[in-house]
Amino acid sequence: MAEYKLLFEHTNDPTFRTLEGYKAKGGYKGLEKAVAMERSAIVDSIKTSGLRGRGGAGAPAALKWGGMPKEKKTEHYLICNADEGEPGTFKDKQLLETCPFELVEGMTIAGYAVQGDAGYVYIRGEFMDAAKSLREAIDEAYKANLLGKNIMGIEGFNFDLYIHLGAGSYECGEETALMSSLMGERGMPRLKFPHAPFPVIKGVWDKPTLIHNVESYSNVPYIIDRGAEWWASLGASTKNSRGTKIFSVSGHVNKPGNYEVEFGTPLMELIELAGGVRGTMKACIPGGSSMPILNVEKTHEAIIGYEEMMASGSMVGSGGCMVLNDTTDIVKFCWRTAVFYMNESCGKCTPCREGTRWMVQILERIVNGQGREGDVDLLVQVADQIDGRSFCPLGDAAAWPVKGMVKVFREEFDYYISHGRSMVGREAVLA
Ligand SMILES: Cc1cc2nc3c(=O)[nH]c(=O)nc-3n(C[C@H](O)[C@H](O)[C@H](O)COP(=O)(O)O)c2cc1C
Ligand code: SF4
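Just so we're aligned: the sequence shown equals residues 0 to 430 in numbering that gives the first Met the number 0.
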């Protein structure tokens, strides 16, 4: 299987960033078709397509679309999560910079289908180029009556789109923390279902809210224009993953970058698309830094699909594929990853606030050659106390990489403790 460019077909064409260029490549045909359909038929198309959220968890999109109230009693909102904070992931940034109209059209179709009044695109504050490109696309869409009041001359079809720049906090990518931040509050998470209603019932400003990732919304025009059955034929070799997935491939590969592939593609083929491994492969983290690490054997086995990747011991996650060669000191890599999650912990709950710090303290003494006997077991114990016991999934995201790296590369941790240094040789590091 080769690269399959659907969202990225025109990523290298600068005219695709303009409304004229986007329309010349078939843009806005999806919206034209959508407004001729019943709202429920659009939701049915999303269901037929089998689209799953690209933000990390892979939840069926139709559950959210179908969960929005059919009878409109108050404002309905849409949010696009463009916070993209997971280390190793940078595909939403490229989508916004080079294909902004896919998102604008996708959100407008979704707005029509769920009777949305306004959409908010929450963009990581550092993504200035992405915000600029989206700003220009939104301005053009307003001028062409593709946003605003009575869109395309259709009485009552009103939809506004706003950009909100975040301040660069990983936790603000978590949807309840994102909504708090959007409302001007501290970016801390809130209670979720079953202790609180889903956002489609009570979301931002307590109104029904549809939240998706950039890549999820950007697929919508293609599903409506080319047909849900056609779209669902992509990835048909997998159990339940449809369409394409964009992976950000980084680390020890010859051509790091974003690559779009059909679900069902072997993980090794994705790595080959990125120019193959620089040196000898040691491991791969396929879905972003919070996902469990795979050894070489598992990387060779792994197929890109939500269920398929789990069968190999990791997850598709947000698509941040990090490739590591044999010069990598896994223990130091583990420590650096743990520092990130400690810094990003919002501090609201004890297991994550204290546990992430304890994990860093243990890892720090190990990499400084002062590890104590029993430290590796203690590290796993602390990770176990965070995993599944924290207020929001950031705690799990902090615990999984640590648990995964100890599980797969235990002898490297033990070696550090018994020898006071890394088992990755100096010659290998210099190679
Ligand atoms: C700590 C944390 C950070 C997250 N960061 C992001 C992010 O940057 N972008 C994103 O789309 N989803 C992120 N998510 C997932 C969102 O909470 C949410 O599930 C997602 O935006 C829903 O969109 P989807 O249905 O299209 O996947 C994060 C989740 C957690 C727990
Ligand atoms: S797990 Fe707890 S401390 Fe960590 S980010 Fe979530 S709420 Fe904050």
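Don't be surprised by glycine CBs; every beta carbon is placed ideally from N, CA and C.
Three-way DSSP call (helix, strand, coil) for residue i in this model
i, result
"F246", "strand"
"F15", "helix"
"E139", "helix"
"V322", "strand"
"T355", "helix"
"C79", "strand"
"P220", "helix"
"L30", "helix"
"M280", "strand"
"T175", "helix"
"F197", "coil"
"Y407", "One point to set straight first is that residue 407 is Val, not Tyr, in the sequence displayed. DSSP places V407 in helix when its eight states are reduced to three."
"I292", "coil"
"A117", "strand"
"R51", "strand"
"I329", "helix"
"A430", "With a pLDDT of only 41 at A430, under 50, the local geometry of the prediction cannot be trusted, and the value read off the model is given with reservation. The answer is coil: DSSP assigns A430 none of H, G, I, E or B."
"V401", "helix"
"V423", "coil"
"V252", "strand"
"I153", "coil"
"F100", "helix"
"E271", "helix"
"V379", "helix"
"L133", "helix"
"L393", "helix"
"E37", "coil"
Check: residue i C-beta below 7 Å from any heavy atom of ligand 2
i, result
"C351", "yes"
"L393", "yes"
"S421", "no"
"K406", "no"
"F390", "yes"
"S288", "no"
"C333", "no"
"S344", "yes"
"K347", "yes"
Any non-hydrogen atom of ligand 1 closer than 7 Å to residue i Cβ
i, result
"D205", "no"
"G84", "yes"
"S247", "no"
"I210", "yes"
"N144", "no"
"S215", "yes"
"G165", "no"
"N218", "no"
"E432", "The shown model of the chain, from 0 to 430, leaves out residue 432, and the question about it has no answer."
"A58", "yes"
"A130", "no"
"E173", "yes"
"G66", "no"
"R189", "no"
"G242", "no"
"R185", "no"
"G316", "no"
"R53", "yes"
"A396", "yes"
Cβ-Cβ distance between residue i and residue j below 8 Å
i, j, result
"T298", "L272", "no"
"D82", "G202", "no"
"L160", "L146", "yes"
"L209", "V199", "yes"
"G84", "Y169", "yes"
"V379", "V359", "no"
"Q93", "N257", "yes"
"E261", "T243", "yes"
"E363", "I416", "no"
"L6", "N218", "yes"
"Y221", "G49", "no"
"V322", "V423", "no"
"N294", "V401", "no"
"E96", "D128", "yes"
"Y340", "L393", "yes"
"A166", "T47", "no"
DSSP beta-bridge partners of residue i
i, result
"E363", "According to DSSP, which records beta bridges pairwise, E363 is partnered with nothing at all."
"F158", "G147"
"A56", "Note: A56 sits in no beta bridge, so no partner."
"P265", "I302"
"N257", "S247"
"H9", "Note: H9 sits in no beta bridge, so no partner."
"N212", "N80"
"I122", "A81 and L164"
Proximity test, residue i beta-carbon vs ligand 4 heavy atom, cut-off 7 Å
i, result
"N80", "Absence of ligand 4 is noted for the structure shown, with ligand 1 and ligand 2 being the only ligands found."
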